[in-house]
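Quick note on the numbering used here: the sequence shown kicks off at 103 and runs consecutively.
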Amino acid sequence: MELLFLILIISILFLIFFTKNKPNIVSEKSYYILGTLINLKVFGKESEKAIDEAIERLIDIDNKMSAFKESSEISKINKNAGIALQTVSNETFSLIDKSISYSELSEGAFDPTIRPLVSLWGIGTKSERVPTEIEINDNLKLVNYRDIILNKDDNSIGLKKQNQSIDLGGIAKGYAADEVVNIFLKHGIKSAIIDLGGNIFVLGNKNNESFWNVGIQNPFMPRGEHIGILSLKDKSIVTSGNYERFFIKDNKAFHHIIDPKTGYPSSSNVISATIISDNSIDGDGLSTGVYIMGLDKALDLIESIKGVDAIFITNDKNVFVTSGIRHNFKLSNTEFIYNNN
Ligand code: AMP
Ligand code: MG
């Protein structure tokens with residue numbers, strides 16, 4: 103009897119030891135959603151379930167917010183431009199509202215009504231081309247975030263003029279990354295790396311031990327070549343870069359971030375802007391805006407926002423790192439010059 107009891111106790115202890123120390127369950131899946139390649143790597147018991155729920159959520163966001171999908175809420179607003187307001191979901195309403203706050207913060211550099219110019223250039227599509235100056239000027243008249251009408255009473259949104267249209271491509275992935283983080287936290291996930299086409303969120307520590315290492319892309323080299331490494335936990339790391347989407351015509355490269363003041367791809371001295379923040383929506387909205395603003399204004403703006411940091415790379419290979427993140431970043435490529443002022 104005593105022996106049986108002893109065996110039972112040993113078995114229970116063994117079971118407790120085994121479950122506590124079993125190798126961490128890891129799931130990794132890739133999908134194509136939000137017009138980009140998504141990769142989710144998740145550690146934890148519920149990793150598989152958490153990924154499935156996140157994917158459903160991303161598809162839902164894409165269906166509501168894509169400017170390319172005929173039935174999306176954004177397409178409905180765009181079709182009704184200058185005609186009527188369109189009732190939208192709470193999340194589309196708040197994302198557009200938030201986008202406007204980034205337009206104000208970036209002095210109009212980030213502008214969600216940029217779509218007429220984005221479609222005119224067609225960068226990343228079959229119809230990409232250098233438009234004529236007349237075409238650019240005609241479409242430039244349609245870009246103005248102040249023409250977005252928000253009616254909080256019935257969650258409806260509209261645009262003042264016909265042919266105006268909204269494009270949330272510069273911010274939607276950030277919002278989506280935050281939604282994925284919330285789903286993972288709900289499932290008790292303590293460690294994950296969320297990659298929405300280069301918009302990264304590092305959740306917790308890598309394997310519960312060390313920080314995650316995230317490479318900062320060398321804007322002059324093919325994908326995967328880094329200028330240095332950021333070591334972080336629980337942060338969003340979003341980069342806007344000239345290398346992300348572009349085409350070449352007559353030996354000149356035309357990239358996908360359009361300056362709403364000129365109608366041409368931004369030609370500021372910044373060719374890569376990485377924002378490090380707690381929320382990816384902030385990182386995404388800011389990265390596109392500061393990329394266009396140019397180095398001096400960009401540094402001033404980011405240093406003025408608490409809890410937000412940045413790494414900027416200029417066209418003459420200088421790297422600028424804001425004060426809050428210097429100890430987390432290591433520049434490894436000696437072709438680049440490190441500045442910390
Ligand atoms: P990101 O990679 O986050 O910088 O976003 C770039 C995408 O945002 C482009 O592909 C466009 O869809 C959109 N976009 C381009 N220029 C602007 C702009 N000035 N303001 C807001 N969105 C923009
Ligand atoms: Mg962005």
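We treat Cβ as the ideally placed atom computed from N, Cα and C, and that holds for glycine.
Whole-angstrom distance between residue j and residue i, CA atom to CA atom
{"i": "asparagine 371", "j": "asparagine 420", "result": "10 Å"}
{"i": "leucine 433", "j": "serine 374", "result": "15 Å"}
{"i": "lysine 124", "j": "lysine 147", "result": "Reliability of the predicted coordinates at lysine 124 is poor, the pLDDT of 45 falling under 50, and the value obtained from them is presented with this limitation in mind. When rounded, the distance between both Cα atoms is 11 Å."}
{"i": "glycine 260", "j": "glycine 210", "result": "19 Å"}
{"i": "tyrosine 393", "j": "leucine 403", "result": "12 Å"}
{"i": "proline 321", "j": "leucine 270", "result": "24 Å"}
{"i": "isoleucine 185", "j": "leucine 244", "result": "15 Å"}
{"i": "proline 362", "j": "asparagine 309", "result": "43 Å"}
{"i": "threonine 234", "j": "lysine 263", "result": "22 Å"}
{"i": "lysine 337", "j": "glycine 276", "result": "12 Å"}
{"i": "methionine 395", "j": "isoleucine 250", "result": "22 Å"}
{"i": "lysine 354", "j": "asparagine 307", "result": "42 Å"}
{"i": "aspartate 418", "j": "lysine 178", "result": "43 Å"}
{"i": "glycine 409", "j": "phenylalanine 212", "result": "20 Å"}
{"i": "leucine 197", "j": "alanine 274", "result": "8 Å"}
{"i": "serine 203", "j": "isoleucine 236", "result": "30 Å"}
{"i": "phenylalanine 120", "j": "isoleucine 127", "result": "For phenylalanine 120, the predicted structure reports a pLDDT of 47, less than 50, and the residue's modelled location is therefore unreliable. The matter cannot be settled from this model."}
{"i": "leucine 252", "j": "asparagine 192", "result": "12 Å"}
{"i": "proline 324", "j": "arginine 347", "result": "12 Å"}
{"i": "glutamate 155", "j": "asparagine 441", "result": "42 Å"}
Residue range of the alpha helix (DSSP H) that includes residue i
{"i": "aspartate 386", "result": "382-395"}
{"i": "asparagine 307", "result": "Careful: asparagine 307 lies outside any alpha helix (DSSP H) and carries neither H nor E."}
{"i": "glycine 276", "result": "274-288"}
{"i": "asparagine 253", "result": "Segment 250-253 is the beta strand (DSSP E) holding asparagine 253; no alpha helix (DSSP H) there."}
{"i": "asparagine 442", "result": "Premise fails: asparagine 442 is in no alpha helix (DSSP H) and is neither H nor E."}
{"i": "arginine 217", "result": "217-223"}
Unbroken beta strand (DSSP E) run spanning residue i, endpoints
{"i": "tyrosine 133", "result": "128-135"}
{"i": "tyrosine 204", "result": "It is not in any beta strand (DSSP E) - tyrosine 204 instead sits in the alpha helix (DSSP H) that spans 192-207."}
{"i": "isoleucine 259", "result": "258-261"}
{"i": "aspartate 297", "result": "293-298"}
{"i": "lysine 432", "result": "431-433"}
{"i": "leucine 139", "result": "138-145"}
Cut-off 6 Å between Cβ atoms - residues of its own chain near residue i, not counting five sequence neighbours on either side
{"i": "glutamate 130", "result": "Lys143"}
{"i": "isoleucine 176", "result": "Met167, Ala169 and Ile268"}
{"i": "serine 205", "result": "Phe212, Asp213 and Tyr247"}
{"i": "isoleucine 140", "result": "Tyr133 and Leu298"}
Beta-bridge pairing of residue i - partner residues as DSSP gives them
{"i": "histidine 328", "result": "Gln319"}
{"i": "isoleucine 377", "result": "Val340 and Ala412"}
{"i": "alanine 400", "result": "The partner list for alanine 400 (beta bridge, DSSP) is empty, contrary to what the question assumes."}
{"i": "tryptophan 314", "result": "Leu334"}
{"i": "alanine 355", "result": "Ile350"}
{"i": "glutamine 264", "result": "For glutamine 264, which the question treats as bridged, DSSP gives no partner whatsoever."}
{"i": "isoleucine 372", "result": "It should be pointed out that residue 372 corresponds to valine in this sequence rather than to isoleucine. Looking at the DSSP assignment, valine 372 forms a beta bridge with Thr416."}
{"i": "threonine 189", "result": "Ser258"}
{"i": "proline 367", "result": "Ile360"}
Close-in-space but distant-in-sequence residues of the same chain around residue i (CB under 7 Å, 5 per side omitted)
{"i": "serine 174", "result": "Asn165, Lys166, Met167 and Ser168"}
{"i": "serine 382", "result": "Gly276, Ala279, Asp280, Asn301, Phe303, Ser338 and Val340"}
Contacting residues, own chain, Cβ-Cβ under 8 Å from residue i (five flanking each side not counted)
{"i": "threonine 436", "result": "none"}
{"i": "leucine 401", "result": "Ala412, Phe414, Phe422 and Thr424"}
{"i": "aspartate 398", "result": "none"}
{"i": "isoleucine 331", "result": "Asn315, Val316, Gly317, Ile318, Phe431, Lys432 and Ser434"}
For the ligand MG, which residues count as neighbours when the test is a C-beta closer than 5 Å to any heavy atom? Gly272, Asp386, Ser389 and Thr390
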